[in-house]
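Chains as they are written, first to last, in the numbering used here: chain A, 1 to 138; chain B, 1001 to 1138.
Inspection log for the structure reproduced underneath, given as structure tokens.
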DNA sequence: GGCGGCAACAAGAATTATTATTGACTTGAT
DNA sequence: ATCAAGTCAATAATAATTCTTGTTGCCGCC
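In structure tokens form, the structure reads like this:
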């Protein structure tokens, strides 16, 4: 996700209206390093905006995903997690405590993905999910 | 998935009964390269075994996954695909035609995953999903 | 200022893949 | 043959997400 100003600028230029509900979801996500579900976002924002609707949260998330300001992650069976960081990084999921940890590859321990084609297919994105046991649970 | 004989041997040793329904699902999956959904498996087997129940297909798939003879893949939003190949390989999903293509890394175009720890977390498995446009759709 | 059109809203119903429940049936060992 | 344990099919239940409906509020235009 970009800065607040850049993000709302993108919304404006795409023709979306800047409603208080949308702005509250955007503010909630900016700089958020947890990977909240729609239900968590709704629950948290509901305290401050009691009239907020679940559908609005979903609609806003889908809109933000369409313009590539968030990505949805299928890390668990029954629900999606949303990640405001759309840059190239990977995720580690602890089988024991279900925590989600961002993995930013560094030299020596990085994940090298093939670029361009693999036998004629054009790769446009890659999702890498590690599962295991996290530091705290070990 | 192992050979038919090995797989049913494993079932037997784990204490599962070898019912015709289970055997039909196993036979359907062995050597299957198409990543079928539960619905597809059910639809195909229903022709030959009209009394087969959807639950039985799910139960059998969950059992096979538990003993690591299949893996379920969260490639799309609304359903799971089942892969009888539990060996280390990755998947490419075409955004245009939804086809699923196995990716077996070879030298020079492989995906090198970190082994062991990443900052203290123990990695036990990795799932890599590429999305893009397949050869046929390009 | 008042009016019309339209996007977005809230509330709740609907959808749908998967799981759980239930009661009848099979299997295999004794 | 009996009996217990496990499995089956049918169907109900679950729950995350999407859809529907009627309403609201904003903006441009008269």
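Beta carbons are placed, not taken as given, at the ideal position from N, Cα and C, and that holds for glycine.
Counted within 10 angstroms of its Cβ, other Cβ atoms place residue i as buried (16 or more) or exposed
i                       : result
residue 1037 of chain B : buried
residue 92 of chain A   : buried
residue 7 of chain A    : buried
residue 11 of chain A   : buried
residue 18 of chain A   : exposed
Under the three-state DSSP convention, the category residue i falls into
i                       : result
residue 132 of chain A  : strand
residue 59 of chain A   : helix
residue 1083 of chain B : strand
residue 73 of chain A   : strand
residue 118 of chain A  : strand
residue 1026 of chain B : helix
residue 125 of chain A  : strand
residue 1103 of chain B : strand
residue 37 of chain A   : strand
residue 1092 of chain B : strand
residue 43 of chain A   : helix
residue 1013 of chain B : helix
residue 1067 of chain B : coil
residue 6 of chain A    : helix
residue 1050 of chain B : coil
Residue of the options minimising C-alpha distance to residue i
i                       : options                        : result
residue 32 of chain A   : A/48, A/55, A/15, A/69         : A/69
residue 72 of chain A   : A/96, A/89, A/35, A/42         : A/35
residue 102 of chain A  : B/1090, B/1129, B/1118, B/1075 : B/1118
residue 131 of chain A  : B/1134, B/1127, B/1009         : B/1127
residue 1133 of chain B : A/120, A/49, A/12              : A/120
residue 1100 of chain B : B/1047, B/1135, B/1002         : B/1135
residue 1014 of chain B : B/1049, B/1046, B/1067, B/1124 : B/1067
residue 1124 of chain B : A/129, A/76, A/124, A/43       : A/129
residue 1030 of chain B : B/1077, B/1065, B/1090, B/1003 : B/1003
residue 1081 of chain B : B/1104, B/1039, B/1044, B/1046 : B/1039
Same chain, Cβ closer than 7 Å to residue i, five either side skipped, listed in chain order
i                       : result
residue 41 of chain A   : 25, 28, 57
residue 1137 of chain B : 1094, 1096, 1097
residue 1065 of chain B : 1071, 1072
Same chain, Cβ closer than 8 Å to residue i, five either side skipped, listed in chain order
i                     : result
residue 16 of chain A : 22, 63
residue 48 of chain A : 24
Spatial neighbours of residue i in its chain, beta-carbon cut-off 6 Å, leaving aside the 5 residues before and after
i                     : result
residue 74 of chain A : none
residue 46 of chain A : 52
residue 79 of chain A : 37
- Counting Cβ pairs, one atom from each stretch, are 3 or more of them under 8 Å apart for the stretch 1021 to 1029 of chain B and the stretch 1058 to 1072 of chain B? yes
- Task: Inspect the CB distances between the stretch 45 to 54 of chain A and the stretch 84 to 95 of chain A and report whether three or more fall short of 8 Å.
- Result: no
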